[in-house]
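Q: Okay, here's the structure, questions in a sec.
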Amino acid sequence: MMKKIIVILFCCLSVTVGRLSADIGRGEGMFVYKDSTSFADRPVDIHYYIPLQGDITAMPIIFVFHGADRGYDYLVRTWKVAAEQQGFMVFIPQFDKERFPLCDYQEVGVMNREHTRLISADSITPVLIDRIFENVKLRTGSYRNTYNIYGHSAGGQFIHRMMLFHDSPYVDCAVVGSPGWYTFPDTSCEFPYGVGDIAYVTSERIKKYLSKNIVIQLAPCDSVREWFLRKTPEADAQGLNRYERGISFWNYCRRLAAENNVPFNWRKSEVPDVGHVSEAMGMAAVPYLIDIKEMPDMARLRREGEEYMSLDDV
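Listed below in structure tokens is the structure:
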């Protein structure tokens with residue numbers, strides 16, 4: 002009898018401690034994540050929204066990644082509406098250009114700025130996302146063991162490379178929204194357009210990459226060659242605009258999986274009547290990230306979002 006009482010008290014104490022660790026509340030807010038390891042000198046502002054109703058400990062967790070403009074305010078305005086309506090928590094890490102330049106954000110820190118030195122796989126930027134997730138669990142008291150990710154434009158660049166170069170134990174679904182250009186899982190081509198010089202990207206890693214739950218989200222109307230779209234010969238070989246490049250990437254990966262008899266668990270989603278607009282594309286991705294209850298007002302989001310364009314790098 003005494004042993005049962007001790008066990009019950011221990012369980013209750015464990016739950017209480019878990020809940021007492023929560024230190025961020027409902028609604029919109031921000032906290033600074035300071036890592037204690039390889040990113041100790043690069044704190045990251047984490048903007049978030051937690052619904053006003055519902056069980057925080059059970060809510061799905063979604064991470065959203067910004068464009069090359071590094072803006073977050075318009076993303077918070079859009080995603081908090083969906084979060085409140087659908088009952089999920091959304092976290093938007095802000096990677097400033099000084100601490101996380103292009104090589105560490107869009108290219109996920111695989112190599113240094115000059116592409117002359119390979120960074121250790123346990124020190125690339127996606128590793129930091131898993132640590133932020135672990136910190137979010139502590140701060141919210143969440144019992145969730147996985148999170149989902151979405152990124153548009155430069156955020157889409159980050160996500161598709163994160164899924165290739167980092168095998169996260171936590172990411173369940175990744176939606177890649179209209180990147181400006183891609184890193185193909187092509188061992189005959191060097192980084193950043195291929196993986197031929199990345200020693201730890203083995204054939205087994207590529208097979209696992211192709212079997213992950215990834216959605217390639219494209220917009221047929223995203224066909225403008227703005228000044229900020231990368232136009233190197235290697236990028237243009239993928240296509241002359243984001244839509245063409247996305248189709249090329251999708252076809253290559255699907256063919257690679259078939260040739261190697263690998264399960265291909267990716268999906269392709271095309272969003273009609275939308276250009277390079279992060280808000281509308283993001284809301285179109287919500288059904289892939291959670292069990293949808295009611296679709297957001299896409300027409301309103303298109304109208305309100307036209308002025309905000311998530312930039313790619315040049």
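Under our numbering, the letters of the sequence shown match residues 2 to 315, in that order. We put the beta carbon where it would ideally sit given N, CA and C, even for glycine. No experiment lies behind these values; they were computed from the predicted model shown.
(1) Take Y201 as the anchor and find which of D46, D123, A259 and I93 has the nearest alpha-carbon.
(2) Go ahead and label M31 buried or exposed: buried means 16 or more other beta carbons lie within 10 angstroms of its beta carbon, across all protein chains shown.
(3) Let me know the secondary structure DSSP gives K81 once reduced to three states.
(4) Let me know if V109 comes out buried or exposed under the rule of 16 or more other beta-carbons within 10 Å of its beta-carbon.
(5) Out of V91, R114, P288 and M112, which one is the CA nearest neighbour of W80?
(6) Report yes if the CB atom of T203 is closer than 8 Å to the CB atom of F192, and no otherwise.
(7) Does the Cβ-Cβ distance between I133 and M164 come in under 8 Å?
(8) Could you check whether E29 and V65 sit closer than 8 Å to each other, using their CB atoms as the reference points?
(9) Mind reading off the beta-carbon distance from G283 to G178? Whole number of angstroms is fine, and I expect it under 8 Å.
(10) Can we say the region 266-276 touches the region 215-225, given the rule of at least three CB pairs closer than 8 Å?
(11) Using 8 Å as the Cβ pair cut-off and three pairs as the minimum, do the region 39-52 and the region 244-262 touch?
(12) Quick one: what does DSSP say Y50 is sitting in, helix, strand or coil?
(13) Exposed or buried, E280, counting other C-beta atoms within 10 Å across all chains shown (16 or more means buried)?
(14) Can you have a look at Y106 and say buried or exposed, based on whether 16 or more other CB atoms are within 10 angstroms of its CB?
(15) Do S189 and G197 have their beta-carbon atoms positioned less than 8 Å apart in this structure?
(16) Should G247 go down as buried or exposed, given a rule of 16 or more other Cβ atoms within 10 Å for buried?
(17) How long is the line joining the alpha carbons of G240 and W228, rounded to whole angstroms?
(18) Measure the Cβ-Cβ separation of I58 and Y144 and say whether it is below 8 Å.
(19) Between H104 and the rest of its own chain, which residues show a CB-CB distance below 6 Å, the 5 nearest in sequence each way excluded?
A: According to the structure shown:
(1) Here residue 201 is taken as the residue at index 200 of the sequence shown, counted from 1. It is D123.
(2) Taking the sequence shown and counting its residues from 1, the one referred to as residue 31 is at position 30. M31 should be labelled exposed.
(3) In the sequence shown, residue 81 corresponds to position 80, counting from 1. In the structure shown, K81 sits in a helix (DSSP, three-state: H, G or I).
(4) Within the sequence shown, residue 109 is the residue found at index 108, counting from 1. Classification for V109: buried.
(5) In the sequence shown, the residue the question calls residue 80 occupies position 79. Nearest option by C-alpha distance: V91.
(6) Working through the sequence shown from its first residue, we reach residue 203 at position 202. Working through the sequence shown from its first residue, we reach residue 192 at position 191. Not in contact: T203 and F192 (Cβ atoms no closer than 8 Å).
(7) The sequence position of residue 133 within the sequence shown is 132, counting from 1. The sequence position of residue 164 within the sequence shown is 163, counting from 1. No, they are not a contact pair.
(8) Position 64 of the sequence shown holds residue 65. Position 28 of the sequence shown holds residue 29. Result no, Cβ atoms of V65 and E29 do not sit closer than 8 Å.
(9) Residue 283 sits at position 282 when you count from the first residue of the sequence shown. Residue 178 sits at position 177 when you count from the first residue of the sequence shown. That pair is a contact at about 7 Å.
(10) yes
(11) no
(12) Position 49 of the sequence shown holds residue 50. In the structure shown, Y50 sits in a strand (DSSP, three-state: E or B).
(13) Stepping through the sequence shown from its first residue, residue 280 is reached at position 279. Classification for E280: buried.
(14) For the purposes of this step, residue 106 is identified with residue 105 of the sequence shown, where counting begins at 1. Of the residues assessed, Y106 falls on the buried side of the cut-off, its CB having 16 or more other CB atoms within 10 angstroms.
(15) Here the question's residue 197 lines up with position 196 in the sequence shown. Here the question's residue 189 lines up with position 188 in the sequence shown. Their beta carbons are under 8 Å apart, which means G197 touches S189 by this criterion.
(16) Taking the first residue of the sequence shown as position 1, residue 247 is located at position 246. The residue in question, G247, is buried, as its Cβ has 16 or more Cβ neighbours within 10 Å.
(17) The count along the sequence shown starts at 1 and reaches residue 240 at position 239. The count along the sequence shown starts at 1 and reaches residue 228 at position 227. Near 16 Å, if we compare the C-alpha coordinates of W228 and G240.
(18) The sequence position of residue 58 within the sequence shown is 57, counting from 1. The sequence position of residue 144 within the sequence shown is 143, counting from 1. A quick correction: the sequence has Thr, not Ile, at residue 58. In this structure, Y144 lies closer than 8 Å to T58 by Cβ.
(19) Numbered from its first residue, the sequence shown carries residue 104 at position 103. Reading the sequence as shown, one finds Cys at residue 104 and not His. If we look at C104 and ignore the five residues flanking it on each side, its Cβ neighbours are R114.
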